[in-house]
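Engineer: Please see the structure below; I have some questions.
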Amino acid sequence: MEDLLPELCDQFPELVQVVEPMFGNFGGRETFGGEIVTIKAFEDNSLVREQVALPGEGKVLVVDGGGSLRRAMLGDMLAEKAEKNGWEGIIIYGCIRDVNAISGLDLGVQALGSHPMKTDKRGLGDLNVEVTFGGVTFKPGQYVYADNNGVLISPVKLELTE
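Below is the structure:
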């Protein structure tokens with residue numbers, strides 16, 4: 007389905023919360039969704055590196071990078087690892103880099119923008135904590151869906167009916 011989010015909003019208006027428009031679509035998979043796994047880390051992608059190395063089937067990594075526009079929380083090597091390990095997608099409240107390489111991967115990637123500078127690796131950050139940005143709170147174990155129309159969350163997995 008090309009426009010998943012409008013359909014989900016029409017069928018489940020009482021369940022969904024729409025994230026404020028702010029993200030651009032950078033991945034080769036424009037429509038994606040799955041169970042939320044969260045990371046909260048500022049200009050340090052150590053936890054992103056750890057998580058994309060794990061199996062990610064049916065999951066979306068939601069990274070609260072504090073909205074930083076000074077460093078990239080995801081590059082091509084980590085995105086390739088996420089694709090290889092079956093992640094549905096990655097949503098970053100911050101920046102990515104290597105946009106041309108990432109656009110060719112079968113991985114959903116949405117972010118605020120791009121920046122060529124990588125992060126420091128200090129091992130800082132929190133895994134599977136509630137994170138809030140764009141007017142919504144992302145809770146581990148809930149569900150997130152994204153396409154070119156935006157991003158939305160739901161407390162339960164959503165499936166469209168005809």
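Numbering-wise (my numbering), the sequence shown opens with residue 7 and increments by one.
Glycine is no exception: its CB is placed at the ideal position from the N, C-alpha and C atoms.
#1: Going residue by residue through the region 99 to 123, where are the continuous beta strand (DSSP E) segments of at least 3 residues, counting only ones entirely within it?
#2: Figure out for me which residue from 100, 33, 134 has the closest Cα to the Cα of residue 76.
#3: Pick out whichever of 140, 29, 51, 47 has its Cα sitting closest to the Cα of residue 153.
#4: Is the separation between the beta-carbon of residue 71 and that of residue 79 shorter than 9 Å?
#5: Just to confirm before moving on: does the CB-CB distance between residue 65 and residue 132 stay below 9 Å?
#6: Can you name, in chain order, every residue of its own chain whose Cβ lies under 7 Å from the Cβ of residue 38, other than the five neighbours on each side?
#7: At what residues does the alpha helix (DSSP H) containing residue 82 begin and finish?
Structural biologist: Concretely, from the data shown:
#1: 114 to 120
#2: 100
#3: 29
#4: yes
#5: no
#6: 66, 94, 95, 114, 152
#7: 82 to 90
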